[in-house]
Structures are given as C-alpha cells and as structure tokens.
Amino acid sequence: MEAATGMAAPTAPIKVAAICGSLLKGSYNRRLIRLAIEMSKETINGMEIELVEVADLPLMNVDLEVDGALALEVEEFRQKILQADAVLFASPEYNYSVTPVLKNALDWASRPPNVWAGKAAAIVSTGGGPGGGARAQYHLRQIGVFLDLHFVNKPEVMLSVHNPPGKFDDDGNLVDPKSKEKLRKLLISLHNFALRLRGPC
Ligand SMILES: Cc1cc2nc3c(=O)[nH]c(=O)nc-3n(C[C@H](O)[C@H](O)[C@H](O)COP(=O)(O)O)c2cc1C
72 MEAATGMAAP TAPIKVAAIC GSLLKGSYNR RLIRLAIEMS KETINGMEIE LVEVADLPLM
132 NVDLEVDGAL ALEVEEFRQK ILQADAVLFA SPEYNYSVTP VLKNALDWAS RPPNVWAGKA
192 AAIVSTGGGP GGGARAQYHL RQIGVFLDLH FVNKPEVMLS VHNPPGKFDD DGNLVDPKSK
252 EKLRKLLISL HNFALRLRGP C
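The opening residue of the sequence shown carries number 72 in our numbering; numbering runs sequentially from there.
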C-alpha cells in the first residue's frame with residue numbers, strides 16, 4: 072500500500088525470538104545466535120532478533136497450572152513468543168534428538184492457546200557428531216507439525232564442530248566464511264517467509 076506521498080509505507084520490522092537449546096556457558100549454539108543477531112543488525116534491514124532465555128522455565132508439569140494461571144517465568148516466555156513474528160531455534164543434538172531444555176520450552180508454549188501457531192521458523196545447529204545436529208533438526212520439524220510452526224526449508228545450516236575442523240575458532244565462534252554466508256542466507260529466507268506470512272500491510 073502506498074502512502075499519500077507516493078513513498079512505500081514503512082513496514083514494521085520482523086521480530087524474531089531466538090531460542091537456544093543449550094544451557095552451557097560456552098555453548099556453540101548460543102554463539103550462533105549471537106552471530107545471527109550481529110549479522111541481522113549489520114546486513115538485514117527490518118529484522119530484529121532477540122535471544123529469549125529458557126533456563127528458568129520449570130520442568131513441564133501441568134500441576135503448575137493453577138486455575139489456568141501459569142508460573143510467572145512461563146507466562147513471560149509465552150508472551151515473548153506470542154509477540155514474535157518468527158522463531159529462530161539453535162538446536163544442539165542430544166542422543167539423536169532435541170535437548171530436554173528445548174523440548175521443555177516447546178511444551179510450555181504449546182499449552183492452550185498454543186503460541187507457536189502460524190509462526191515462521193528456522194533452525195541452526197552445531198554438534199559434536201559429523202551430522203552437525205541434523206537428526207535433532209528433523210525431530211524439531213516433526214514436533215513443529217503439531218505445533219503448527221512453519222519452517223523454512225533451505226538453506227539447511229547444520230555445522231559439525233570437528234568435521235572438518237577449523238570452522239570454529241578456539242573460543243567456539245563460527246569463522247568459516249562459507250558457513251557464515253549460509254547462516255546469513257537462512258536469516259534472509261526467514262525474514263522473507265515471515266513477511267509473506269504476515270501478508271499485505
Ligand atoms: C547428553 C548428550 C548427548 C549428545 N548426543 C549427541 C548426538 O546424538 N549427536 C551429536 O552430534 N552430538 C551429541 N552430543 C554432543 C553435543 O551436540 C555437542 O556437545 C554440542 O556442542 C552441544 O551444543 P552446545 O555447545 O551448544 O551446548 C551430545 C552431548 C550430550 C551432553
């Protein structure tokens with residue numbers, strides 16, 4: 072829609088909630104999210120990524136839902152997801168699946184009303200094995216079917232820490248230019264898809 076001046080009407084930025092499935096202080100996946108935040112600030116107009124913490128969520132237990140009210144940490148987390156247009160998951164792989172930390176967050180925000188529903192989503196992962204977290208990513212996509220998350224398909228960003236070596240520096244930061252470019256393309260893809268889901272302004 073054009074404004075009276077003939078200029079395109081400003082579009083509200085796409086807000087992205089970024090969730091890390093690792094609680095480790097030196098988490099590689101958390102560093103990927105930090106890199107994505109930097110990249111989006113520097114090179115992608117109209118996209119704001121915020122890291123949403125999940126460490127303080129209680130373990131899923133519906134007994135904690137008292138007369139429909141949830142623990143404050145859970146309510147705050149659900150609100151952040153609700154207010155986001157899109158979700159960026161950084162998902163380590165534990166025993167061929169997503170981590171319990173991530174599943175716990177997914178489950179809390181799925182309680183009625185499911186606040187994941189209809190959102191655009193993307194996944195990045197890095198893991199110890201050669202698959203770079205691929206199995207966890209596909210499990211996450213499967214969970215997303217029931218949650219009504221809409222994942223972008225490409226590019227797939229699955230980075231093995233050790234194979235081949237040298238993609239990450241000694242501090243755990245991604246330094247490989249090709250992998251960084253892939254991550255940037257994934258962010259652009261998420262941005263475009265979220266705009267499409269939002270529809271015409
Ligand atoms: C309980 C456990 C199970 C794991 N299982 C896998 C696995 O199935 N595949 C894999 O690639 N790495 C596996 N790993 C290694 C982690 O993916 C690796 O440590 C990764 O760096 C964790 O991400 P983070 O640095 O963001 O915490 C496992 C680690 C733990 C602690």
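C-beta atoms are modelled at their ideal positions from N, C-alpha and C, and glycine is treated no differently.
From a predicted model like this one, the values you see are computed outputs, not experimental measurements.
Requested in this report: Thinking H262 and I85 are a contact (beta carbons under 8 Å), I'd like their distance in whole angstroms, please.
Outcome: 5 Å
Query raised in the report: CA-CA distance, L135 and Q150?
Result: 17 Å
Report task. From the DSSP output, in three-state form, read off I115 for me. Result -> coil
Requested in this report: Check whether the Cβ of E164 sits closer than 7 Å to any heavy atom of ligand 1, and report yes or no.
Outcome: yes
Report task. Identify, in the order they occur along the chain, each residue of the same chain with its Cβ nearer than 8 Å to the Cβ of R206, setting aside the five sequence neighbours on each side. Result -> E164, Y167, S168
Query raised in the report: At what residues does the alpha helix (DSSP H) containing A207 begin and finish?
Result: 205 to 218
Requested in this report: Determine the direct distance from the alpha carbon of R212 to that of L95, and round the result to whole angstroms.
Outcome: 23 Å
Query raised in the report: Taking 7 Å as the cut-off, is the CB of V223 close to at least one heavy atom of ligand 1?
Result: no
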